[in-house]
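Asks: Got a structure here, written out as structure tokens. Questions coming.
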Amino acid sequence: MIVCERKPIPAILEHLDGRRRVVIAGCSECVTVCHAGGEKEVALLRDLLLLAREGLEIETQVLTRQCDVEFLEALDPLVKTADCVISMACGVGVQFLAERYPATWVVPAVDTRFGGGSRQAGIWEERCGFCGDCVLHLTGGVCPIIRCSKSLLNGPCGGSQGGKCEIDKETDCAWQLIHDRLEGLGRLDLLETVLPPKDWSRARDGGPRKLVREDVQV
Ligand code: SF4
Ligand code: SF4
């Protein structure tokens with residue numbers, strides 16, 4: 001999922017200077033799962049903003065998905081009379097709303113942190129950097145791009161100690177994890193292959209990306 005975190009209330013209030021009629025738009029997908037922008041968080045943000053600033057008029061709506069134009073129409077009636085939309089979705093949702101409402105001030109209420117997951121309530125960990133050219137089949141299912149602090153494709157770097165990364169004693173060395181996993185699978189031979197330079201044009205370095213799949217187009 002896309003892991004997000006709500007901005008501090010003073011930062012959100014700054015977005016609202018000079019605005020009175022506000023719509024808070026949540027999303028039922030990733031931000032609901034990571035407790036940043038679902039029903040509960042939308043209601044809480046509304047109450048906190050009303051307490052913090054007199055004179056605000058706030059409507060709320062939680063969309064099925066903000067990153068999908070087919071679900072945005074539900075917001076149209078509310079936005080018609082608003083002078084500001086606060087999106088509690090990830091940055092994709094904020095931009096989809098900004099595109100749909102060119103004449104309306106659209107601002108983010110959350111920071112989009114990373115692609116990750118939760119193994120324990122209240123803790124999320126980064127797992128994917130969306131590089132566009134996955135190599136997990138070569139690294140035992142451990143991402144070297146995101147989990148190695150230096151994004152080494154051919155590790156380890158030599159700084160690992162006791163299985164921990166040299167940048168932080170709390171962080172596992174990704175290449176130790178890769179080694180241990182491949183050892184368990186009887187595939188240490190994979191470590192003898194020197195991975196070639198990655199094709200970063202499929203990552204963000206190649207500019208804004210677009211995926212076209214004719215098989216699902218209508
Ligand atoms: S190799 Fe790329 S696509 Fe695969 S998990 Fe890592 S960042 Fe994500
Ligand atoms: S210690 Fe391990 S995780 Fe840290 S930078 Fe070196 S190879 Fe990467």
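If you're matching positions, the sequence shown starts at 1 in my numbering and goes up one per residue.
Heads up, the beta-carbon is just placed ideally off N, CA and C, and yes, glycines get one too.
All figures in this text were calculated on a predicted structure; none of them were measured in a lab.
1. For the beta strand (DSSP E) that contains leucine 63, what are its first and last residues?
2. Closer than 6 angstroms by C-beta to arginine 100: which residues in its own chain qualify, once you throw out the five before and the five after it? Chain order, please.
3. Within 9 angstroms (strictly less), CB to CB, does aspartate 172 reach chain C?
4. Over what stretch of residues does the alpha helix (DSSP H) that includes phenylalanine 96 continue unbroken?
5. Compute the Euclidean distance between the alpha carbons of serine 87 and leucine 13, then round it to the nearest angstrom.
6. Given a threshold of 16 other Cβ atoms within 10 Å of its Cβ, counted over all protein chains shown, does tryptophan 200 qualify as buried or as exposed?
7. Determine the DSSP secondary structure at alanine 203, reduced to helix, strand or coil.
8. Mapping DSSP to helix, strand and coil, what is isoleucine 123?
9. Roughly how many whole angstroms lie between the Cα atoms of leucine 51 and cysteine 128?
10. For the region 149-173, which segments carrying the alpha helix (DSSP H) assignment without a break, of at least 4 residues, lie completely within its bounds, in sequence order?
11. So if DSSP puts valine 23 in a beta bridge, which residue, or which two residues, is it bridged to?
Replies: For this structure:
1. The residue labelled residue 63 in the question sits at position 63 within the sequence shown. That run of the beta strand (DSSP E) goes 57-63.
2. Taking the sequence shown and counting its residues from 1, one reaches residue 100 at position 100. If we look at arginine 100 and ignore the five residues flanking it on each side, its Cβ neighbours are Leu72.
3. Among the chains of the structure shown, chain C does not appear; only one protein chain is present.
4. If you number the sequence shown from 1, residue 96 lands on position 96. Where phenylalanine 96 is concerned, the enclosing alpha helix (DSSP H) stretches over 91-100.
5. As a working note, residue 87 is residue 87 in the sequence shown. As a working note, residue 13 is residue 13 in the sequence shown. Rounded to whole angstroms, serine 87 to leucine 13 spans 13 angstroms at the Cα level.
6. Stepping through the sequence shown from its first residue, residue 200 is reached at position 200. Result: exposed.
7. Within the sequence shown, the letter at position 203 stands for residue 203. Three-state DSSP puts alanine 203 in coil, outside helix and strand.
8. In the sequence shown, the residue the question calls residue 123 occupies position 123. DSSP places isoleucine 123 in strand when its eight states are reduced to three.
9. Here residue 51 corresponds to residue number 51 of the sequence shown, with the count starting at 1. Here residue 128 corresponds to residue number 128 of the sequence shown, with the count starting at 1. If you take the alpha carbons of leucine 51 and cysteine 128, they lie about 38 angstroms apart.
10. none
11. As a position in the sequence shown, residue 23 is number 23, starting the count at 1. In the DSSP output, where bridge partners are listed per residue, valine 23 has Glu59 and Val85.
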